[in-house]
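Chemist:
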Amino acid sequence: MQLVYWLLFAVLVIGDQSLKYYVLNNIAPMSVHDFIPGILSITHITNTGAAWSMLEGKMLFFYLVTIIAVVVLIYLFMKADKKDYFYRFSLIFLLAGTVGNAIDRFTRHFVVDMFNLDFINFPIFNLADTYITIGVILIIGTMIIQLAGEKNN
């Protein structure tokens, strides 16, 4: 079963990096391409900060935080109960998102973002960011399930 998690991790990171490679090589910076009109467009931007371009240009900070996050996520995954599937999947999604953006930061010194939600004023994001969001949602779901289980006991 352990292999399933690491295969998922590899597929997620390869998917993230493949999409970023495609965007870098096929979409001009700052150009907008409708994907689902009125809902989602593809806009090629580069980001030297975090979400909403916070801490823009503070690359040393991001390198350190990324290394710490990867080490902590791997540690938590290895220590997690083997039967705690949702929690372990959440950590894999968090790790894949962290590593996907880390590859950008360490190799390009910026993160490639491309998804633009046209129906709301929201920062442009990438697939790795989506993985992190999924990981957080799964962790919250895991906590709710655990709390409900404890309440029933």
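For the numbering used here, add 1 to where a residue sits in the sequence shown, where the first one is 1.
In this text, a Cβ means the ideal position worked out from N, Cα and C, and glycines have one as well.
Just so we're clear, the structure is a prediction, and the values are computed from it rather than from any experiment.
#1: When you compare each of I141, E151, L8, P30 to F87 by their alpha carbons, which one comes out closest?
#2: Does DSSP put T49 in a helix, in a strand, or in coil?
#3: Need the endpoints of the alpha helix (DSSP H) that N153 sits in, please.
#4: Is M31 a contact residue of the ligand GDP, with contact defined as CB to any heavy atom under 7 Å?
#5: What would DSSP say about M115, mapped onto helix, strand or coil?
#6: State the DSSP-derived secondary structure class of D1, mapped to helix, strand or coil.
#7: By Cβ distance, which residues of its chain are closer than 6 Å to G101, with the 5 residues on each side in sequence left out?
#8: So, using beta-carbon positions, are L92 and G136 closer together than 8 Å?
#9: Closer than 7 Å by C-beta to L95: which residues in its own chain qualify, once you throw out the five before and the five after it? Chain order, please.
#10: Candidates E151, F63, L118, I28: which alpha carbon is nearest I37's?
#11: Can you tell me the Cα-Cα spacing of Q147 and T131, whole angstroms?
#12: What's the call for K21, buried or exposed, on a 16-neighbour Cβ count within 10 Å?
#13: Identify, in the order they occur along the chain, each residue of the same chain with its Cβ nearer than 8 Å to the Cβ of L25, setting aside the five sequence neighbours on each side.
#14: How long is the line joining the alpha carbons of W7 and P124, rounded to whole angstroms?
#15: Kindly indicate which three-state DSSP category I28 falls into: helix, strand or coil?
Modeler: Looking at the coordinates:
#1: I141
#2: coil
#3: 128-153
#4: This structure simply doesn't include the ligand GDP, nor any ligand for that matter.
#5: strand
#6: The first residue shown for the chain is 2 and the last is 154, placing residue 1 beyond what the model contains.
#7: V14, D17, A129
#8: yes
#9: L74, I133, G136
#10: L118
#11: 24 Å
#12: buried
#13: H45, V113
#14: 30 Å
#15: coil
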